[in-house]
Structures are given as C-alpha cells and as structure tokens.
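*Asks:*
Chains as they are written, first to last, in the working numbering: chain A, 1 to 139; chain B, 1 to 139.
Structure follows, in structure tokens:
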C-alpha cells in the first residue's frame, strides 16, 4: 500500500471515531525540521474533548517489517522528544495496518520493544477505513 | 556512498585501531531475526583486550539525514535491547561518516537524541579509512 494512501485512510478513520480538528503538525526542533519532505509523512493532529493526539502513520510498505519497525520506533521517539521540547501537549501514537499488528507485532521482539519504548499504538483496517484497536486507549 | 562500502571501511578502520576478532554478529530475538537480509547491514563484532563492542554501520545515503537518523536510532535501540536479552556483553556503537557528524549531528535535535537515548558513536573518515572519534571511548 502506498504511504500516502494509508495516511489519508487514517484521517478518515479518525473522523469516523469522532476526532476533530484533523490537521498536519509541523515540528521544528531548534532549526531542524523533523518532518520529512513528503506531505504524506506529516504527523496528524486530532482532538476529542480535552484529549489531543499526534499520530505518526507507518504503512510498513518495505519488504522487511523489521527494517520498517526500526524506522517507525526511531521516528516515534523523536516525535515524542520534539513534542516535549516544544511543550506541545499531545499524546503520540503510531498508526499501523492491523494486519502488520496481528501478523508480526504480537511476536516477543516487537512486543518487548513497544513496552520498553512506551510506544502507543493505533491499528487501522484499511479496507473499511476504520480504527481496530487503541493500545492504550487515549480517552 | 554505497552501504556495503562503508561497512567494509569500518572493518578496515577497526583493524587499524587494533581491534581483533572482527566478525559479523547475528541476533535472533526469540525467533525474530534482527539482521536485515543484506550482509552489508550486519552488526560487526570486535574485541580489544577485555573490551568487546558491537558496531552498527550507517552510511546515511538517503537524501534526508533526519530520515536516516530515525532509522539508525531505532535500529541501535533494538540492537541494544537484543544484546541485553541475549546476554551478549558487548558495548553497542553506531558508526557513521565523520562528515555526517560535523555537518548535522552537532545540531541540538541530534545531540539531544543521542544523549536521551544514550547512543554511543564512532565516526569514520572514509577516505583515509580511519576512525576519527569515539564518543565515549570504549576502552
């Protein structure tokens, strides 16, 4: 699945799940632009009541899930560091396809990394354009 | 610079710096193979006296240094987690070109990430095939 496609689907799924103010977030860390140049990779901001989240979308489109996971976790930790540095009070989430979760991320290596690095996950059903699970629930 | 080229240069530079037992390290984490399929991306083991290190080589060959840095840090943290899990007592190091260090990694974002995530660095002069700096020194 193309990277930009999943990004759009995540936005649709968030709206269905009653999130509002869906917007791209730009993070500038003392002169270093953390956003990659492609719009599709922009962090997504969303609000619900007093809850605010910042969602990184990772489609896992490379042949190696492990390689994509290294990249996703590193980027997540850097976004979290930048949100803190910029005093932006949004709970960071990593959005991934549900199929990646059930086929790979239930394995010990991935589970241990998610726990050790305290990565918040939200999984997406791309076909139905819906959120499947939050871990933990942001509300 | 091709990824495999820097990998070979790091091995040469380690030998010049009196490291012995240069060898590829394979990390299997409860059934998940952490090594990418390409030999060039294998973690390098090296010894000197009682000191043992495990070196991840990152050439930063993508157009976006930030993207490569996300990937490098994520991979480093996973290698460190796996070394601990497997009770392999080697100090992990991230090997990068010196030019990447002086042109980018001295910026606050990169410095803060390296400090926060406790990443050990070694920088390489590819032209002279030599180590420029250790941070911190492994000996």
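Glycine included, every Cβ here is placed at the ideal spot set by N, Cα and C. Computed from a predicted model, the values in this text were never measured in an experiment.
Rounded to whole angstroms, what is the Cα-Cα separation between residue 114 of chain A and residue 103 of chain A?
*Replies:* Start at 1 with the first residue of the first chain, and residue 114 of chain A comes out as number 114. Start at 1 with the first residue of the first chain, and residue 103 of chain A comes out as number 103. Answer to the nearest angstrom: the Cα atoms are 15 Å apart.
*Asks:* Give the residues of chain B in contact with residue 30 of chain A, contact being defined as C-beta atoms less than 8 Å apart.
*Replies:* Residue numbering aside, residue 30 of chain A sits at position 30 when the first chain is read from its first letter. 107, 108 and 109, listed in chain order.
*Asks:* Terminal residues of the continuous alpha helix (DSSP H) containing residue 110 of chain A?
*Replies:* As a first step, residue 110 of chain A is located in the first chain; it is residue number 110 there, counting from the start. Residue 110 of chain A -> alpha helix (DSSP H) spans 108-116.
*Asks:* Inspect the beta-carbon positions of residue 6 of chain A and residue 55 of chain A and report whether they are closer than 7 Å.
*Replies:* Position 6 of the first chain, counted from the first residue, corresponds to residue 6 of chain A. Position 55 of the first chain, counted from the first residue, corresponds to residue 55 of chain A. No; because the gap between Cβ atoms is not below 7 Å, this pair is not in contact.
*Asks:* For residue 49 of chain B, decide whether its Cβ has a neighbour in chain A, counting only Cβ atoms nearer than 7 Å.
*Replies:* Taking the first residue of the second chain as 1, we reach residue 49 of chain B at position 49. It does not: the Cβ of residue 49 of chain B has no partner Cβ on chain A nearer than 7 Å.
*Asks:* Relative to the C-alpha of residue 83 of chain B, which candidate in B:108, B:52, B:136 and B:126 has its C-alpha closest?
*Replies:* Within the second chain, numbered from 1, the residue matching residue 83 of chain B stands at position 83. Residue 83 of chain B has its Cα closest to that of B:52, out of B:108, B:52, B:136 and B:126.
*Asks:* Taking 7 Å as the threshold (C-beta atoms), are residue 132 of chain B and residue 93 of chain B in contact?
*Replies:* Locating residue 93 of chain B in the second chain gives position 93, where the first residue counts as 1. Locating residue 132 of chain B in the second chain gives position 132, where the first residue counts as 1. No, these two residues do not count as a Cβ contact at 7 Å.
*Asks:* In whole angstroms, what is the alpha-carbon distance linking residue 17 of chain A and residue 117 of chain A?
*Replies:* In the first chain, residue 17 of chain A corresponds to position 17, counting from 1. In the first chain, residue 117 of chain A corresponds to position 117, counting from 1. Straight-line Cα distance between these residues: approximately 26 Å.
*Asks:* So that I know if they touch, is there some Cβ in chain A lying closer than 7 Å to that of residue 71 of chain B?
*Replies:* Taking the first residue of the second chain as position 1, residue 71 of chain B is located at position 71. Residue 71 of chain B counts as touching chain A.
*Asks:* Quick one: does residue 75 of chain B have its CB under 7 Å from some CB of chain A?
*Replies:* In the second chain, counting from the first residue as 1, residue 75 of chain B sits at position 75. For residue 75 of chain B, the answer is yes, since a Cβ of chain A falls inside 7 Å of its Cβ.
*Asks:* Please classify residue 89 of chain A: does DSSP put it in a helix, a strand, or coil?
*Replies:* Counting from one through the first chain, the residue named residue 89 of chain A turns up at place 89. It is coil, neither helix nor strand.
*Asks:* Could you spell out where the beta strand (DSSP E) holding residue 123 of chain B opens and where it closes?
*Replies:* The residue labelled residue 123 of chain B in the question sits at position 123 within the second chain. Counting along the chain, the beta strand (DSSP E) containing residue 123 of chain B begins and ends at 121-125.
*Asks:* Is the beta carbon of residue 110 of chain B closer than 7 Å to that of residue 29 of chain A?
*Replies:* Counted from its first residue, the first chain places residue 29 of chain A at position 29. Counted from its first residue, the second chain places residue 110 of chain B at position 110. Going by C-beta atoms, residue 29 of chain A is not nearer than 7 Å to residue 110 of chain B.
*Asks:* Between which two residues does the beta strand (DSSP E) containing residue 134 of chain B stretch?
*Replies:* Here the question's residue 134 of chain B lines up with position 134 in the second chain. That run of the beta strand (DSSP E) goes 130-135.
*Asks:* Determine the burial state of residue 9 of chain A: buried for a count of at least 16 other Cβ atoms within 10 Å of its Cβ, exposed for fewer.
*Replies:* Numbered from its first residue, the first chain carries residue 9 of chain A at position 9. Buried: at least 16 other Cβ atoms inside 10 Å.
*Asks:* For residue 45 of chain B, report the span of its beta strand (DSSP E) as first-last.
*Replies:* Taking the second chain and counting its residues from 1, the one referred to as residue 45 of chain B is at position 45. Looking at the DSSP string, the run of the beta strand (DSSP E) that includes residue 45 of chain B is 43-48.
*Asks:* By the DSSP assignment, the beta strand (DSSP E) with residue 25 of chain B in it spans what residues?
*Replies:* Locating residue 25 of chain B in the second chain gives position 25, counting from the first residue. From DSSP, the beta strand (DSSP E) with residue 25 of chain B extends over 20-25.
*Asks:* Counting contacts by CB-CB distance shorter than 7 Å, is residue 7 of chain A in contact with chain B?
*Replies:* The count along the first chain starts at 1 and reaches residue 7 of chain A at position 7. Chain B, which has no Cβ nearer than 7 Å to the Cβ of residue 7 of chain A, makes this no.
*Asks:* For residue 91 of chain B, collect the residues of the same chain with a Cβ closer than 8 Å to its Cβ; drop the 5 residues on either side in sequence, then sort them by chain order.
*Replies:* Here residue 91 of chain B refers to the residue found at position 91 of the second chain. Closer than 8 Å at Cβ, skipping near neighbours: 51, 52, 53, 54, 120 and 138.
*Asks:* Are the Cβ atoms of residue 25 of chain A and residue 34 of chain A separated by less than 7 Å?
*Replies:* Within the first chain, numbered from 1, the residue matching residue 25 of chain A stands at position 25. Within the first chain, numbered from 1, the residue matching residue 34 of chain A stands at position 34. Against a cut-off of 7 Å, the Cβ pair of residue 34 of chain A and residue 25 of chain A comes out as no contact.
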